[in-house]
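Participant: Residue numbers (numbering that gives the first Met the number 0): 0 to 408.
Virtual Cβ for every residue (Gly too), placed ideally from N, Cα, C.
The structure presented is a predicted model; accordingly, all values stated were derived computationally and were not measured.
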Amino acid sequence: MLSKDIRNHFPILDQEINGHPLVYLDSAATSQKPVQVIETLDRYYRFDNSNVHRGVHTLGNRATDGYEGAREKVRKFINAKSTQEVIFMRGTTTAINTVAQSYGRANVSEGDEIVITHMEHHSNIIPWQQLAKETGAVLKYIDLEEDGTLSLDKVRETITDKTKIVSIMYVSNVLGTMNPIEEITKIAHQHGAVMCVDAAQAAPHLKIDVQNLDCDFLAFSGHKMCGPTGIGVLYGKKDLLNNMEPIEFGGEMIDFVGLYESTWKELPWKFEGGTPIIAGAIGLGAAIDFLEEIGLDAIEQHEHELAGYAMDKMSEIDGLTIYGPRDPDKRAGLVTFNLDDVHPHDVATVLDMNGIAVRAGHHCAQPLMKWLQVSSTARASFYLYNTTDDVDRLVEGLRTTKEYFNDVY
Numbered sequence: 000m001l002s003k004d005i006r007n008h009f010p011i012l013d014q015e016i017n018g019h020p021l022v023y024l025d026s027a028a029t030s031q032k033p034v035q036v037i038e039t040l041d042r043y044y045r046f047d048n049s050n051v052h053r054g055v056h057t058l059g060n061r062a063t064d065g066y067e068g069a070r071e072k073v074r075k076f077i078n079a080k081s082t083q084e085v086i087f088m089r090g091t092t093t094a095i096n097t098v099a100q101s102y103g104r105a106n107v108s109e110g111d112e113i114v115i116t117h118m119e120h121h122s123n124i125i126p127w128q129q130l131a132k133e134t135g136a137v138l139k140y141i142d143l144e145e146d147g148t149l150s151l152d153k154v155r156e157t158i159t160d161k162t163k164i165v166s167i168m169y170v171s172n173v174l175g176t177m178n179p180i181e182e183i184t185k186i187a188h189q190h191g192a193v194m195c196v197d198a199a200q201a202a203p204h205l206k207i208d209v210q211n212l213d214c215d216f217l218a219f220s221g222h223k224m225c226g227p228t229g230i231g232v233l234y235g236k237k238d239l240l241n242n243m244e245p246i247e248f249g250g251e252m253i254d255f256v257g258l259y260e261s262t263w264k265e266l267p268w269k270f271e272g273g274t275p276i277i278a279g280a281i282g283l284g285a286a287i288d289f290l291e292e293i294g295l296d297a298i299e300q301h302e303h304e305l306a307g308y309a310m311d312k313m314s315e316i317d318g319l320t321i322y323g324p325r326d327p328d329k330r331a332g333l334v335t336f337n338l339d340d341v342h343p344h345d346v347a348t349v350l351d352m353n354g355i356a357v358r359a360g361h362h363c364a365q366p367l368m369k370w371l372q373v374s375s376t377a378r379a380s381f382y383l384y385n386t387t388d389d390v391d392r393l394v395e396g397l398r399t400t401k402e403y404f405n406d407v408y
């Protein structure tokens with residue numbers, strides 16, 4: 000496992016909540032930020048703050064260098080061929096909506112198919128629902144296996160020659176399932192469909208190589224990977240992006256503006272209308288530096304071991320149900336669960352009274368909740384700064400919660 004000293008890079012963890020040392024187990028919702036990222040943002044605003052691309056003065060050049068330097072860091076991080084394939088956006092939601100509204104509207108017609116799964120986050124469901132309504136396309140779902148994984152046989156049964164877009168999450172934010180994206184992409188391409196990957200829960204935790212995956216689009220958010228909120232990335236293959244129209248228009252993204260016609264800048268800037276997310280991108284670059292110094296392979300292994308340890312310990316609690324694959328090697332570093340008849344919000348409230356932060360609710364995955372036959376769940380999600388001590392605190396807190404509600408009822 001990773002050294003416990005990594006926690007020292009995260010100042011927010013050094014505090015008490017309700018009289019107890021903080022145990023933060025909600026990184027799937029948003030990660031905490033290392034001091035290296037915090038100081039990078041502070042330094043930018045103190046010394047380099049300016050708009051990018053437009054000015055010839057020193058501050059403008061510094062800001063531009065920082066912004067475009069961050070784009071190159073992202074390119075290397077996901078192994079894209081070119082920085083022209085790296086578009087800065089507000090986050091995963093905006094990126095997927097861009098694919099749906101730009102590529103989808105131009106390439107999907109009545110009777111065509113869009114294929115997703117029951118495990119998707121709402122941000123990878125609703126854009127495709129809307130596109131299907133607008134175009135008359137058919138939205139199809141790949142059925143899940145009993146343990147919440149995907150069968151490639153069912154993938155092959157669902158994707159047909161009518162399929163134009165397949166959009167699937169790399170890692171489930173509820174089940175922790177790690178989907179076989181490379182294999183699914185091959186199946187999609189065999190039928191002439193493009194592959195869009197929601198990597199919001201993957202990019203923070205494991206190495207991504209878009210060239211090996213051969214996906215056509217991939218989206219992720221900075222705030223889940225030690226970066227600032229409000230910054231994300233859309234990767235797209237250059238030939239696809241070149242043929243796509245922007246969906247936001249204004250400054251920065253134009254080449255020439257006349258009274259009745261305008262032309263766009265080349266990639267990637269034609270998709271970045273208005274003043275871009277400069278500080279966010281620079282902060283994301285600092286987060287990538289931090290993660291790569293530790294190593295994505297080491298982070299992934301650390302989280303697999305934590306999840307396995309957590310599932311073993313939590314399984315000893317009577318009345319506790321864990322959702323998703325039971326094999327730690329088939330899941331990411333999170334555990335979603337319910338405790339007897341105690342509502343997940345009550346579980347989270349009692350845990351919070353003991354200084355333990357978990358997520359409770361439908362996790363922006365209501366169709367998956369229906370598939371699980373529950374209204375909501377609780378979720379503990381781990382990251383590089385968590386330890387087995389945190390898991391022990393969680394298990395102790397769950398036992399306290401169970402005893403409390405047994406006494407109440």
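With A218 and A94 assumed to form a contact (beta carbons below 8 Å), what rounded beta-carbon distance in angstroms separates them?
Facilitator: Indeed they touch by this definition, with Cβ atoms about 3 Å apart.
Participant: Kindly indicate which three-state DSSP category V51 falls into: helix, strand or coil?
Facilitator: V51 falls in the coil class under three-state DSSP.
Participant: So if DSSP puts K139 in a beta bridge, which residue, or which two residues, is it bridged to?
Facilitator: For K139, which the question treats as bridged, DSSP gives the partners V114.
Participant: Does the stretch 235-247 come into contact with the stretch 91-107, if we say contact requires no fewer than three beta-carbon pairs (one atom in each stretch) closer than 8 Å?
Facilitator: Flag = yes, the stretch 235-247 and the stretch 91-107 touch.
Participant: Apart from the five residues just before and just after H19, which ones in its own chain have a Cβ nearer than 7 Å to its Cβ?
Facilitator: Excluding residues within five positions, the ones whose Cβ falls inside 7 Å are N353, G354.
Participant: Spell out a yes or no on whether the stretch 16-35 and the stretch 337-354 are touching, meaning 3 or more CB-CB pairs, one atom from each, closer than 8 Å.
Facilitator: At 8 Å Cβ cutoff, the stretches touch.
Participant: Just checking, does the stretch 185-195 make contact with the stretch 274-285 on the three C-beta pairs under 8 Å criterion?
Facilitator: The stretch 185-195, when compared against the stretch 274-285, does not touch it at the 8 Å Cβ threshold.
Participant: Using CA atoms only, rank isn't needed, just tell me which of D47, E71, A69 is closest to N60.
Facilitator: The option with the nearest alpha carbon to N60 is D47.
Participant: In angstroms with no decimal places, state the Cα-to-Cα distance between S374 and M313.
Facilitator: Taking the straight line joining both Cα atoms gives about 21 Å.
Participant: Which value, in whole angstroms, describes the spacing of the CA atoms of G250 and T335?
Facilitator: Taking the straight line from one Cα to the other gives about 44 Å.
Participant: With a threshold of 8 Å on Cβ separation, who are the neighbours of T399 within its own chain once the five nearest residues in sequence on each side are excluded?
Facilitator: For T399, where only same-chain residues beyond five positions count, the Cβ hits under 8 Å are V349, N353.
Participant: By DSSP's criteria, I167 is part of a beta bridge. Which residues make up the other side?
Facilitator: Answer by DSSP bridge pairing, in chain order: V196.
Participant: Name, in chain order, the residues that DSSP records as bridge partners for M177.
Facilitator: DSSP lists V170 as partners of M177.
Participant: Using a Cβ distance threshold of 8 Å, determine whether the stretch 216-233 contacts the stretch 29-43, with at least three qualifying pairs required.
Facilitator: Taking 8 Å as the limit for Cβ pairs, the verdict is that the stretch 29-43 does touch the stretch 216-233.
Participant: Does the distance from the CB of Y382 to the CB of H120 come in under 9 Å?
Facilitator: Not closer than 9 Å, so no.
Participant: List the endpoints of the continuous alpha helix (DSSP H) containing D4.
Facilitator: No alpha helix (DSSP H) contains D4, which DSSP labels as neither H nor E.
Participant: DSSP on R325, reduced to helix/strand/coil?
Facilitator: Residue state, collapsed to three classes: coil.
Participant: Following the continuous beta strand (DSSP E) through L333, name the residue where it begins and the one where it ends.
Facilitator: From DSSP, the beta strand (DSSP E) with L333 extends over 333-338.
Participant: Please classify G103: does DSSP put it in a helix, a strand, or coil?
Facilitator: Looking at G103 - three-state DSSP - the assignment turns out to be helix.
Participant: Apart from the five residues just before and just after D111, which ones in its own chain have a Cβ nearer than 8 Å to its Cβ?
Facilitator: Result list for D111: T134, A136, V137, K161, T162, K163, in chain order.
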